[in-house]
Amino acid sequence: MSADHDHPVSFDPTVAEADRHDQAPAAGRAVRIGVGGPVGSGKTALVAALCRALADVDLAVVTNDIYTTEDAEFLRRAGVLDPARIEAVRTGCCPHTAIRDDITANLDAVDSLAERFPGLRLVIIESGGDNLTAVFSRGLVDHQIFVVDVAGGDKVPRKGGPGVTTADLLVINKTDLAPLVGADLGVMSGDAHRVRNGLPVVLQSLVDTPDAPAVAGWVRDRL
Ligand SMILES: Nc1nc2c(ncn2[C@@H]2O[C@H](COP(=O)(O)OP(=O)(O)OP(=O)(O)O)[C@@H](O)[C@H]2O)c(=O)[nH]1
Ligand SMILES: [Mg+2]
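Our numbering applies: residue 10 is where the sequence shown begins, and numbers increase by one.
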C-alpha cells in the first residue's frame, strides 16, 4: 500500500473558512456584504430597505439573476439608489455557481463600481434565489446575510445547511405571515439559535418595519 493510502490527505473546510474570514478587507476598499437565501424569501426587498436605511453611506449594489436583470430593474424603479450604482449579473447557471465557484463576473461588477465611485464604502451583493446549501465565497464577500422566510414553514431553520448555520447573520423574514401559514415563530427562533451556536438571528417583517432597522444596524457595525 502506498504512503498516500496510509496517510490520506484530509481537508477541514471549517478551519479554512475561519482563516479566510479573519482577513480584513484591504485598506480603503469597500466592505462587501452578500445577501443569499431561497427564491422569494425577501432578499431584494431587504436590499431596498438597506439602501433606504443607509442613505448616508456611499454604497452600491450588485444583483444576480439567472436569465434576467429583474432585481436590478426593481431596485432602479424603486428609486432607492442612483441607478448607476446598481450592476446586474446574469449568471446563466445555478446562482451558487456565480457567488461561490466562479466569482469572476461578480468581482468584475464590484471592480467596475469601485472604479466609477472611488469613495465607495459598501457593496451589497444579492445572490440569485437558491437552496439551503448556497453560500458566498469568502473571496467575494467579507460578510454574508442569509434570508429565509416564514412562508416556507417553521421547520426551515432546523433543516440547517451552511446558509442557515454559518452565515454571519440569519434573517427570518415575513413574520407578519406567521398566523396565515401556521408558523410558530418561537420554534423558528429557538431552532435557529440552536443550530447557529451563538451567531446572530433577526426576525423581521418588511411590511411592519420597511427600513429593516435591526439588519441595517448590524450592517453599520460592519463598516
Ligand atoms: N408579507 C411580506 N411580504 C414580503 C416581505 N418581504 C418581502 N415580501 C414580498 O415577498 C416577495 C418576494 O420578495 P423579493 O424581495 O423579490 O424576494 P427575493 O428573495 O429577492 O426573490 P428572488 O430574487 O426571486 O429569489 C415580494 O412580493 C415582496 O414584496 C415581508 O416581510 N412580508
Ligand atoms: Mg431578488
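Built from N, CA and C at the ideal position, the CB exists for glycine as well.
Beta-carbon proximity check, D177 vs H202, cutoff 8 Å: Within the sequence shown, residue 177 is the residue found at index 168, counting from 1. Within the sequence shown, residue 202 is the residue found at index 193, counting from 1. Cβ atoms of D177 and H202: not closer than 8 Å.
Which runs of the alpha helix (DSSP H), 4 residues or longer, sit entirely within the segment 120-200? 165-168, 171-175 and 187-190
Output the distance between the C-alpha atoms of T113 and P188, rounded to the nearest integer angstrom. For the purposes of this step, residue 113 is taken as residue 104 along the sequence shown, with counting starting at 1. For the purposes of this step, residue 188 is taken as residue 179 along the sequence shown, with counting starting at 1. Each residue's Cα considered, the two are about 42 Å apart.
For a test of the three-state rule: what should DSSP assign to P209, helix, strand or coil? One-based indexing of the sequence shown puts residue 209 at position 200. In this structure, P209 counts as coil in the three-state DSSP scheme.
Taking only the alpha-carbon atoms, compute the straight-line gap between H30 and L55 and give it to the nearest angstrom. Here residue 30 corresponds to residue number 21 of the sequence shown, with the count starting at 1. Here residue 55 corresponds to residue number 46 of the sequence shown, with the count starting at 1. Below a pLDDT of 50, predicted positions are generally treated as unreliable, and H30, at 46, falls in that range; the measurement from the model is reported next regardless. C-alpha separation (whole angstroms): 23 Å.
Are V204 and T174 close, meaning C-beta to C-beta below 8 Å? As a working note, residue 204 is residue 195 in the sequence shown. As a working note, residue 174 is residue 165 in the sequence shown. Going by C-beta atoms, V204 is nearer than 8 Å to T174.
Per DSSP, what kind of secondary structure is H30 in: helix, strand or coil? By 1-based counting over the sequence shown, the position of residue 30 is 21. Only weak support is given to the placement of H30: the predicted model assigns it a pLDDT of 46, under 50, and the value that follows is read from those uncertain coordinates. Reduced to three states, the DSSP call for H30 is helix.
Could you spell out the range, first to last residue, of the alpha helix (DSSP H) harbouring D111? Position 102 of the sequence shown, counting from 1, holds the residue named residue 111. From DSSP, D111 is part of no alpha helix (DSSP H); its letter is neither H nor E.
Here's a check: name, in chain order, each residue in its chain whose Cβ is nearer than 8 Å to the Cβ of A35, leaving out the five neighbours to either side. Position 26 of the sequence shown, counted from the start, is the residue given in the question as residue 35. There are no such residues.
Using only the heavy atoms of ligand 2, determine whether one of them is closer than 7 Å to the beta carbon of T78. Numbered from 1 along the sequence shown, position 69 holds the residue referred to as residue 78. Not under cutoff, so the answer is no.
CB contact flag (V44, A118, <8 Å): On the sequence shown, position 35 is the one that residue 44 refers to. On the sequence shown, position 109 is the one that residue 118 refers to. Against a cut-off of 8 Å, the Cβ pair of A118 and V44 comes out as no contact.
If we count the other Cβ atoms within 10 Å of its Cβ and call it buried at 16 or more, is N206 buried or exposed? The count along the sequence shown starts at 1 and reaches residue 206 at position 197. Exposed, by the Cβ-count rule.
Measuring CA to CA, which of K52, P104, R130 and D80 is closest to D65? Start at 1 with the first residue of the sequence shown, and residue 65 comes out as number 56. With distances taken between Cα atoms, D65 lies closest to R130.
Determine the extent of the alpha helix (DSSP H) in which G226 is found, giving its start and end residues. Within the sequence shown, numbered from 1, the residue matching residue 226 stands at position 217. Here the alpha helix (DSSP H) through G226 covers P222 to R231.
Following a CB-centred definition, is G43 positioned closer than 7 Å to any heavy atom of ligand 1? Start at 1 with the first residue of the sequence shown, and residue 43 comes out as number 34. It does not: the Cβ of G43 is nowhere closer than 7 Å to a heavy atom of ligand 1.
If you draw a straight line from the alpha carbon of D193 to that of R231, how long is it in whole angstroms? On the sequence shown, position 184 is the one that residue 193 refers to. On the sequence shown, position 222 is the one that residue 231 refers to. Cα-Cα distance, rounded: 31 Å.
Using three-state DSSP, classify R41 as helix, strand or coil. Counting from one through the sequence shown, the residue named residue 41 turns up at place 32. Reduced to three states, the DSSP call for R41 is strand.
Continuous alpha helix (DSSP H) stretch holding T53: start and end: Stepping through the sequence shown from its first residue, residue 53 is reached at position 44. It spans K52 to A62 - the alpha helix (DSSP H) in which T53 sits, taken as one unbroken run.
Should V228 be labelled buried (16 or more other beta-carbon atoms within 10 Å of its own) or exposed? By one-based count along the sequence shown, residue 228 stands at place 219. So V228 ends up on the buried side.
At a cut of 8 Å, does the segment 155-170 reach the segment 89-109 through at least three beta carbon pairs? no
I need the DSSP call for G204, collapsed to helix, strand or coil. Residue numbering aside, residue 204 sits at position 195 when the sequence shown is read from its first letter. The question names Gly, but residue 204 is Val in the sequence shown. DSSP places V204 in helix when its eight states are reduced to three.
8 Å CB neighbourhood of G138 in its chain, flanking five on each side removed: Position 129 of the sequence shown, counted from the first residue, corresponds to residue 138. Excluding sequence neighbours, G138 sits near G46, P47, V48, G49, S50, K52 and P104.
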